[in-house]
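Chemist:
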Amino acid sequence: MENTVKKLEEQVKETDETLGSIATKVGNVQKEICREGTKIEVNKLLQSVHDVKNDYQNLRKEISEVQDLQKQLSYCKKSTHTYD
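With the first letter of the sequence shown counted as 1, position 29 gets the number 31 in the working numbering; the numbers rise by one all the way through.
1. Can you tell me where the alpha helix (DSSP H) with residue 34 in it begins and where it stops?
2. Answer with buried or exposed for residue 71, where buried requires no fewer than 16 other C-beta atoms within 10 angstroms of its C-beta.
3. Rounded to the nearest angstrom, what separates residue 50 and residue 26 at their Cα positions?
4. Please return the same chain residues whose Cβ sits closer than 7 Å to the Cβ of residue 78, not counting the five positions on each side in sequence.
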């Protein structure tokens, strides 16, 4: 059970870092679009959107892993509680 808790904590931290990265990239794209007098390069904008999309897909995978670890932890707690 301790191993599952450790994995869960690590995965939550990694997911939080990914979410922060996505927020930063979205913020950078918004700044680029909203900056007055700036010529927007379509290819650069598309690449930024593509990067955010990929990060979002990775985030969904990480969230799924967190949920799986939570289920494992819940199962471990139930198993431990049953034998007490």
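Ideal Cβ placement from N, Cα and C applies to all residues, glycine included.
Modeler: With the structure as the only source:
1. Taking the sequence shown and counting its residues from 1, the one referred to as residue 34 is at position 32. Segment 4-36, the alpha helix (DSSP H) holding residue 34.
2. The count along the sequence shown starts at 1 and reaches residue 71 at position 69. Residue environment: residue 71 is assigned as buried (16 or more neighbouring CB atoms within 10 Å of its CB, all protein chains considered).
3. Residue 50 sits at position 48 when you count from the first residue of the sequence shown. Residue 26 sits at position 24 when you count from the first residue of the sequence shown. Inter-residue distance for residue 50 and residue 26 is about 11 Å (C-alpha atoms, whole angstroms).
4. On the sequence shown, residue 78 is found 76 positions in, with the first residue counted as 1. Excluding five sequence positions before and after residue 78, the CB atoms of its chain that fall closer than 7 Å to its own CB belong to 3, 6, given in chain order.
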